[in-house]
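Residue numbers (my numbering): 6 to 603.
C-beta: ideal position from N, C-alpha, C; glycine also.
Remember, predicted model here, so these are calculated numbers, not experimental data.
A short worksheet on the structure shown next.
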């Protein structure tokens with residue numbers, strides 16, 4: 006899932022290989038349009054000379070008029086075809102890059118995800134990919150046409166008027182030389198602009214997500230000043246890019262205008278001196294602006310290259326980020342409805358020294374600090390259909406254990422096996438079809454309640470209502486005005502914490518998964534919601550293996566087995582009554598929290 010090209014320009018060229026055919030068609034048809042333009046100019050010069058100086062009958066000129074009209078219509082069709090192929094190429098690249106980015110984001114390990122700024126990533130996947138369009142649709146075809154069309158025009162002018170051809174040959178290279186001269190500075194400015202935009206997008210998204218906190222702590226004005234500063238930095242970097250683009254366009258226009266004027270003056274004198282006939286001189290005058298037009302157009306789209314390089318820098322960083330790759334292919338014993346035996350043998354994992362501080366906050370993105378092993382020689386067997394509760398103090402390794410079971414982290418030591426087969430050998434997609442996850446803060450997506458329960462699966466209403474009833478959620482869903490079709494809004498803002506948790510349990514029931522991991526789902530719930538949740542968990546555990554990561558006694562006391570983790574190690578395991586009778590760590594946890602929280 007990683008690209009082997011590390012430079013933005015190399016990556017852009019690499020991606021252009023997948024669209025060589027449509028780009029070649031765009032170039033070929035553009036060249037054909039340029040050749041027709043030369044023919045049209047030749048006919049126009051012939052008609053003007055015949056009508057003004059040769060006194061040719063109008064009837065003899067009508068065929069030339071008709072040919073010019075036909076060429077005009079044909080060039081219009083060619084222009085449409087060029088646009089079609091050019092934007093087909095751009096769309097193909099954008100679609101492929103977005104698919105690779107989404108696949109890469111799914112493959113990136115949890116360690117990387119915690120350090121990423123969401124707004125910057127979103128900006129890269131959306132606006133960054135859009136910035137590639139002009140490069141493939143405009144810049145690549147125009148680069149070829151800027152060389153081919155002037156050469157074709159020069160081939161026509163040279164036999165007619167070598168003096169004008171010499172002027173064109175001498176002045177034309179000045180335009181690409183100037184663009185190369187400004188290219189390095191423009192590239193740095195565009196990359197700086199893109200970084201500023203990423204910072205602004207990331208911070209703005211953070212501010213939106215934390216708007217309630219900002220209001221409560223009366224930090225609105227401070228945040229507004231910070232966003233104003235970031236916006237001003239982005240505005241300044243954008244103006245620098247625009248200033249350079251304006252200056253470069255001005256210089257290109259000046260070079261082209263002076264060159265055309267020089268050609269026109271010399272043609273005028275040579276016509277006056279009788280060294281050149283009108284038809285030839287008029288044809289050269291018609292073709293001279295068209296000679297520079299592709300070069301000027303390339304100068305106009307040169308900024309597209311700079312923008313694409315700025316965006317490609319961040320895209321390449323994402324594509325080159327280290328991924329958590331699973332290469333297994335075995336699918337036997339895993340999949341929907343399968344209830345396997347899962348074993349952990351000598352499992353060990355240590356977060357990098359610059360990673361998050363707390364295991365239990367593994368998805369919270371807290372400040373990075375060095376830490377000890379999150380898991381250390383953990384061995385555990387989970388029988389098919391068994392409910393296992395994992396308890397322990399904060400930082401004991403509970404959430405890391407859950408992430409290992411879900412295939413979101415790979416152990417440094419030891420192995421996870423499913424029916425005796427190492428997880429590394431199993432097709433991870435098939436394993437995740439076996440799984441369901443009920444996190445502490447369930448992710449409810451923008452859409453309807455039905456969409457969030459089905460998650461793309463085709464499930465009938467009867468099955469949905471049955472799952473909702475088992476999850477103790479039927480009553481509040483039935484009370485909603487639109488029932489299953491109620492829009493939830495972003496992040497399920499219309500639901501309470503307990504309702505969201507019960508919907509997450511219903512989603513796991515709908516999934517028909519044989520192995521379920523529930524992580525801290527009773528945290529911060531009141532007594533009524535907790536009782537409903539305990540009932541829902543019992544339904545969830547019927548016919549399935551269920552691993553509950555919990556702090557609350559009510560959610561673990563009825564488990565078949567309770568595992569006590571401390572400092573990344575399994576210290577005790579047994580039933581609730583057995584562990585209480587043993588008087589060990591579990592008993593101290595229960596007595597130290599008045600029997601309510603662990």
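Got a sec? Which residues, its chain only, sit under 6 Å from residue 573 by beta carbon, not counting five neighbours each side? 378, 379, 380, 381, 402
Output yes or no for whether 8 Å exceeds the beta carbon distance between residue 232 and residue 333. no
Could you check where the alpha helix (DSSP H) with residue 274 kicks off and where it finishes? 225-277
Own chain residues within Cβ distance below 8 Å of residue 589, not counting five before or after: 569, 576, 577
Fully enclosed by the segment 372-454, which beta strand (DSSP E) runs are 3 residues long or longer? 380-387, 392-396, 418-423, 440-443
In three-state DSSP terms, what is residue 90? helix
Secondary structure of residue 491, DSSP reduced to three states: coil
Is the segment 548-568 touching the segment 390-399 in the sense that three or more CB pairs, one from each, lie closer than 8 Å? yes
For residue 366, name the three-state secondary structure that DSSP assigns. Because the pLDDT of residue 366 is 46, which lies under 50, any placement of that residue in the model is unreliable, and the question is left without a value.
On the three-state DSSP scale, how would you describe residue 550? strand
DSSP three-state label for residue 332, please. coil
Grab me the residues of residue 364's own chain with a C-beta within less than 6 Å of its C-beta, minus the 5 sequence neighbours each way, in chain order. Note on residue 364: pLDDT 47, under 50, position unreliable in the model; the coordinate value appears next. Once the five neighbours on either side are set aside, the close Cβ partners of residue 364 are 379, 400, 402, 404, 405.
Please check the pair residue 150 and residue 305, which I expect to be a contact at CB under 8 Å, by giving their CB distance rounded to whole angstroms. Contact doesn't hold; Cβ gap of about 13 Å is too wide.
Rounded to whole angstroms, what is the Cα-Cα separation between residue 388 and residue 562? 18 Å
Less than 8 Å separating the beta-carbons of residue 523 and residue 508? no
Our contact map puts residue 184 next to residue 236 with C-beta atoms below 8 Å; I'd like the distance itself, whole angstroms only. Actually they do not touch by this definition, with Cβ atoms about 30 Å apart.
Reference residue 501; option with closest CA among 447, 466, 463, 515: 447
Quick check on this structure: which residue in 57, 73, 62 has the alpha carbon closest to the alpha carbon of residue 49? 73
Among 152, 160, 437, 138, nearest to residue 44 - alpha-carbon criterion: 160
Check whether the Cβ atoms of residue 331 and residue 419 lie closer than 8 Å to each other. no
Please specify which runs of the alpha helix (DSSP H), each continuous and at least 4 residues long, are wholly inside the segment 115-164, giving them in chain order. 115-120, 123-128
What does the alpha-carbon distance come out to for the pair residue 83 and residue 37? 8 Å
Out of 270, 234, 298, 268, point me to the one whose CA is closest to residue 258's CA. 298
What residue does the beta strand (DSSP E) around residue 578 start on, and which one ends it? 574-579
Which one of 510, 40, 110, 96 has the shortest CA to CA distance from residue 79? 40
Using the three-state DSSP reduction, which class does residue 280 fall into: helix, strand or coil? coil
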